[in-house]
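Here the structure comes first, spelled out in structure tokens, and everything after it is commentary.
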Amino acid sequence: MNSCTKMRLSFVGMLLLTPLLATNSIAGDNDLGKKKPKLILQITVDQLRGDLPTRYYDRLGEGGFRYLWEKGIVFSNAHHDHANTETIVGHTTLATGAQPSVHGMVGNLWLDRETGQSTYNIEDSNYKLISKDADVDANTEIDPTQRAARSEGRSPSAILVTTFGDELKANSGGKAKVFGVSVKDRGAVSMAGHAGKAFWFSKANGEFVTSNYYFDQYPQWVSNWNSKKIAQQYAGKTWELLHNKESYLFGDTDDREWETDVGGFGRVFPHSYGAGDGKYYTTLLTLSPAGDEIALDFAKTLLVEEKLGKDEITDYLSISFSSTDYVGHIFGASSLEAEDNILRLDRSLEKLFKFVDQEVGLKNTLIVLSADHGGPDTPGYLNSLNIPAGYIQPDSWEKGAAISRLKKQFNIFGKLIEKYEHPYLYLSKSVINNKEIDRQALEEAVVKELSVFPGISMAVSSTALQRGNLPDTHLYRAVLNNFYSKRSGDIYLVFEPNWFINDFDGLTVASTHGSPWNYDTYVPIVFAGAGLDAETVTRKIHTVDIAPTLSAYLGIKAPSGAFGNVLEELFD
Numbered sequence: 050m051n052s053c054t055k056m057r058l059s060f061v062g063m064l065l066l067t068p069l070l071a072t073n074s075i076a077g078d079n080d081l082g083k084k085k086p087k088l089i090l091q092i093t094v095d096q097l098r099g100d101l102p103t104r105y106y107d108r109l110g111e112g113g114f115r116y117l118w119e120k121g122i123v124f125s126n127a128h129h130d131h132a133n134t135e136t137i138v139g140h141t142t143l144a145t146g147a148q149p150s151v152h153g154m155v156g157n158l159w160l161d162r163e164t165g166q167s168t169y170n171i172e173d174s175n176y177k178l179i180s181k182d183a184d185v186d187a188n189t190e191i192d193p194t195q196r197a198a199r200s201e202g203r204s205p206s207a208i209l210v211t212t213f214g215d216e217l218k219a220n221s222g223g224k225a226k227v228f229g230v231s232v233k234d235r236g237a238v239s240m241a242g243h244a245g246k247a248f249w250f251s252k253a254n255g256e257f258v259t260s261n262y263y264f265d266q267y268p269q270w271v272s273n274w275n276s277k278k279i280a281q282q283y284a285g286k287t288w289e290l291l292h293n294k295e296s297y298l299f300g301d302t303d304d305r306e307w308e309t310d311v312g313g314f315g316r317v318f319p320h321s322y323g324a325g326d327g328k329y330y331t332t333l334l335t336l337s338p339a340g341d342e343i344a345l346d347f348a349k350t351l352l353v354e355e356k357l358g359k360d361e362i363t364d365y366l367s368i369s370f371s372s373t374d375y376v377g378h379i380f381g382a383s384s385l386e387a388e389d390n391i392l393r394l395d396r397s398l399e400k401l402f403k404f405v406d407q408e409v410g411l412k413n414t415l416i417v418l419s420a421d422h423g424g425p426d427t428p429g430y431l432n433s434l435n436i437p438a439g440y441i442q443p444d445s446w447e448k449g450a451a452i453s454r455l456k457k458q459f460n461i462f463g464k465l466i467e468k469y470e471h472p473y474l475y476l477s478k479s480v481i482n483n484k485e486i487d488r489q490a491l492e493e494a495v496v497k498e499l500s501v502f503p504g505i506s507m508a509v510s511s512t513a514l515q516r517g518n519l520p521d522t523h524l525y526r527a528v529l530n531n532f533y534s535k536r537s538g539d540i541y542l543v544f545e546p547n548w549f550i551n552d553f554d555g556l557t558v559a560s561t562h563g564s565p566w567n568y569d570t571y572v573p574i575v576f577a578g579a580g581l582d583a584e585t586v587t588r589k590i591h592t593v594d595i596a597p598t599l600s601a602y603l604g605i606k607a608p609s610g611a612f613g614n615v616l617e618e619l620f621d
């Protein structure tokens, strides 16, 4: 190798290393100049669209959302950058700093090609729930993804890369304490990562549970907390409005025809939880602020009993609040119920921050709040404002004339479509295994037909995604960010804005997220505590930026699949 070649390679090497050196410099400056926080508190509010925290700002308390927005660094133009904005996808993206194409969680469900059955994202038959009575929650009427699980076992095994919590644990020689808590199992497991511990709420018995992936038996404090039967304290009570009805933005629209009455919960205030032994009692708790209140109580107990933030090794606690998502599905984001839920969530956040300040100190705690996805308004509400919106029924596709034409064209005598598992359409196994069918030609023909179906904006085949010669547009990039060949279906469907499915296993819901449109990708990102100065940042950032930023702040390596940017405002 001559000297000129060596010089060119040296120059290229320096160019490649420059971003890494800059990141390490940021991390190093923080490591040397600032005391590391004792606790990282990551809050994820399920379906918290970016505008919701400030939509009712005039009625918020001083210590909840206002504390974050007035004392923290607020990124007001933050988005997910993947197309399928569902719970497990967003949570895992927040935890890993990777897109679903890398972390592998492409949807709440995917079709297992070998078994022909739907797979729930964190189900794992190698493990089982510790509580003998905490079986799969068959009464989770608004969460059919859990009912699709064939095993009660839960683990993070399907997550293909490390999380921030994993890296924190590894960097500390296993001494850092890492926990995830949520009403939803996938909200807890994804954030706790492979090395942490996860607890979630079982609707089957009204207790917090975990699997033997994490523990052989419950810590005594968990058994003690469960013995208090906190969930039963709502028996015979109702969800009442926090303030006078006249003070609400949606105070005069309590009863909307598109809202869903689940298990007698009703469409108007007050909403009755009913008897503590009612068939849907624990489910109804999650359809209201009660679900978040119960999760908060458990998380506060965990923080004390596990002694988080009590030594010089940084600990990690993730709390995922799920009620905003359930309320949005059943009543819609622009409903009286959703409005009251935000006001009550604000109170829960204030209680959390006061408790953390008392136990650890907010100056010793770095808080980050975001959401796994946003959420749409209901078609009924949008139609009332003359905004086009509607519902789609995938079950009707197989019977349509377009599919009949395709069957005739490719000599298909059985089923063409095996299943639609949002957002993927899966071709039938017999079609895939038929060597006489030109697979690429068939996919292209299906894409062409589906693209003109009412309510469908775009269809993209997996073959096209693998080839990679797609138009360089935001939508195509978002779909590609969601593509992992071993789990993604044959055709990715993007519905028109404000069009979506409202039927889940026979239950009609008011609205459903899961699109690449702004209302589903737009989420808040706020960092607060740990001596940070207040600032509002309007440049566009993405949720993949959170994990590498936390890593840089602590001076540790980022998760294995992370490729987001470090948010420099935390280091100014």
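Per my numbering, the very first residue in the sequence shown carries number 50; after that it's consecutive.
Backbone N, C-alpha and C fix where the C-beta goes; we use that ideal spot for every residue, glycine too.
If you follow the alpha helix (DSSP H) that residue i is part of, which residue opens it and which one closes it?
{"i": "threonine 145", "result": "136-145"}
{"i": "serine 150", "result": "149-152"}
{"i": "leucine 599", "result": "595-603"}
{"i": "tyrosine 116", "result": "114-120"}
{"i": "valine 353", "result": "338-354"}
{"i": "leucine 455", "result": "450-458"}
Apart from the five residues on each side of it in sequence, which residues of its chain come closer than 6 Å, Cβ to Cβ, to residue i?
{"i": "asparagine 73", "result": "With a pLDDT of 38 at asparagine 73, under the threshold of 50, the modelled position of that residue is not reliable, and no figure is offered here."}
{"i": "valine 317", "result": "Asp303 and Asp304"}
{"i": "serine 337", "result": "Trp288"}
{"i": "glycine 358", "result": "Lys87, Leu88, Asp364 and Val409"}
{"i": "aspartate 374", "result": "Asp95 and Gln96"}
Tell me which residues share the same chain as residue i and place their Cβ nearer than 8 Å to its Cβ, disregarding the 5 neighbours each side in the sequence.
{"i": "alanine 237", "result": "Gly229, Val230, Ser231, Ala247, Phe248, Trp249, Ser367 and Ser369"}
{"i": "serine 167", "result": "Leu158, Trp159, Leu160, Asp161, Ala197, Lys468 and Glu470"}
{"i": "leucine 298", "result": "Arg104, Tyr105 and Glu388"}
{"i": "threonine 557", "result": "Thr309 and Asn551"}
{"i": "lysine 464", "result": "Glu447, Ser477, Ser479 and Val480"}
May I ask you to report which of helix, strand or coil DSSP gives residue i?
{"i": "histidine 378", "result": "helix"}
{"i": "glycine 156", "result": "coil"}
{"i": "asparagine 551", "result": "coil"}
{"i": "phenylalanine 264", "result": "coil"}
{"i": "isoleucine 391", "result": "helix"}
{"i": "histidine 320", "result": "strand"}
{"i": "serine 367", "result": "strand"}
{"i": "phenylalanine 612", "result": "coil"}
{"i": "phenylalanine 228", "result": "strand"}
{"i": "glutamine 442", "result": "coil"}
{"i": "glutamate 467", "result": "strand"}
{"i": "isoleucine 279", "result": "helix"}
{"i": "lysine 246", "result": "strand"}
{"i": "aspartate 406", "result": "helix"}
{"i": "glycine 578", "result": "strand"}
{"i": "tryptophan 288", "result": "strand"}
{"i": "leucine 619", "result": "helix"}
{"i": "aspartate 173", "result": "coil"}
What residue range is occupied by the uninterrupted beta strand (DSSP E) comprising residue i?
{"i": "glutamine 91", "result": "88-94"}
{"i": "leucine 476", "result": "473-476"}
{"i": "alanine 237", "result": "No beta strand (DSSP E) holds alanine 237; the alpha helix (DSSP H) holding it covers 234-241."}
{"i": "serine 510", "result": "505-510"}
{"i": "valine 417", "result": "414-419"}
{"i": "serine 167", "result": "166-169"}
{"i": "phenylalanine 257", "result": "256-258"}
Closer than 7 Å: is that where the CB of residue i sits relative to any heavy atom of the ligand GTP?
{"i": "histidine 129", "result": "This structure does not include the ligand GTP; it has no bound ligands of any sort."}
Rounded to whole angstroms, what is the Cα-Cα separation between residue i and residue j?
{"i": "glutamine 96", "j": "proline 319", "result": "23 Å"}
{"i": "alanine 382", "j": "aspartate 487", "result": "45 Å"}
{"i": "alanine 187", "j": "glycine 325", "result": "Low local confidence applies: a pLDDT of 40 at alanine 187 is under 50, so the model's placement there is unreliable, and no value is given."}
{"i": "aspartate 624", "j": "asparagine 547", "result": "Residue 624 lies beyond the stretch modelled for the chain, which goes from 50 to 621, so this question has no answer here."}
{"i": "tyrosine 262", "j": "serine 206", "result": "10 Å"}
{"i": "asparagine 614", "j": "serine 537", "result": "26 Å"}
{"i": "arginine 203", "j": "aspartate 173", "result": "5 Å"}
{"i": "histidine 152", "j": "methionine 240", "result": "13 Å"}
{"i": "leucine 392", "j": "phenylalanine 114", "result": "10 Å"}
{"i": "glycine 146", "j": "lysine 484", "result": "40 Å"}
{"i": "glutamate 498", "j": "phenylalanine 544", "result": "14 Å"}
{"i": "glutamine 281", "j": "alanine 344", "result": "14 Å"}
{"i": "valine 501", "j": "asparagine 482", "result": "27 Å"}
{"i": "serine 510", "j": "asparagine 275", "result": "48 Å"}
{"i": "glutamate 190", "j": "glutamate 201", "result": "Low confidence applies here, because glutamate 190 scores a pLDDT of 48, under 50, leaving its location unreliable and the question unanswered by this model."}
Indicate whether at least one CB of chain D lies closer than 8 Å to the CB of residue i.
{"i": "glutamate 119", "result": "In the displayed structure, chain D is absent; only one protein chain is listed."}
Sorted by chain position, which residues of the same chain lie with C-beta nearer than 7 Å to residue i's C-beta, five sequence neighbours on each side aside?
{"i": "aspartate 346", "result": "Ile279"}
{"i": "proline 573", "result": "Leu97, Gly99, Pro102, Ala127, Leu418, Ser419 and Ala420"}
{"i": "glycine 377", "result": "Gln96, Ala387, Gly424 and Ser560"}
{"i": "aspartate 395", "result": "Leu109, Gly110, Gly113 and Phe114"}
{"i": "threonine 598", "result": "Val615, Leu616 and Leu619"}
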